[in-house]
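Have a look at the structure below before the remarks.
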Amino acid sequence: MANPHDTPHRTPYQQRIIRNYYENRDTLMLQKLGELVGDLYLAEGKARRRLWERAAAAMKNLQVPPARVAHIVDSDNPSLLARLLEELQRKG
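All residue numbers for the sequence shown refer to my numbering, where the first residue is 10 and numbers rise by one.
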């Protein structure tokens with residue numbers, strides 16, 4: 010059993026913020042993917058690799074199958090990410 014002194018006390022306001030974040034997580038991830046698509050079209054080199062890492066994390070949070078995430082990231086093709094984004098928005 011966990012010691013109640015080990016867990017931080019959160020105010021009702023903080024609890025509401027956390028709850029709202031998790032309730033809107035999918036919407037936030039879709040918005041993030043949309044921003045990343047545009048950024049990927051413009052980025053080069055190391056910055057582009059970092060953006061793909063962020064896109065992979067967002068796709069994982071949206072429960073995109075790992076094989077599809079790998080295919081999209083390995084392709085280094087932002088249009089595939091844009092197509093996935095459209096698909097996810099239609100489902101949402």
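Don't be surprised by glycine CBs; every beta carbon is placed ideally from N, CA and C.
Sort the options by Cα distance to residue i and report the nearest one.
i: D85; options: K69, E96, R57 and Q98; result: R57
i: R47; options: Q23, E95, R25 and A91; result: A quick correction: the sequence has Gly, not Arg, at residue 47. With distances taken between Cα atoms, G47 lies closest to A91.
Going by the CB atoms, is the gap between residue j and residue i shorter than 9 Å?
i: I81; j: L71; result: no
i: L45; j: L93; result: no
i: P87; j: L49; result: yes
i: Q98; j: L60; result: no
Could you check if residue i is buried or exposed, using at least 16 other CB atoms within 10 Å of its CB as the buried criterion?
i: L37; result: exposed
i: A79; result: exposed
i: A67; result: buried
i: A76; result: exposed
Does DSSP put residue i in a helix, a strand or coil?
i: T20; result: coil
i: N33; result: coil
i: P75; result: helix
i: A52; result: coil
i: N70; result: helix
i: D85; result: coil
Please find out if some non-hydrogen atom of the ligand GTP comes closer than 8 Å to the beta-carbon of residue i.
i: Q24; result: Of the ligands one can find in the structure shown there are none, so the ligand GTP has no counterpart to examine.
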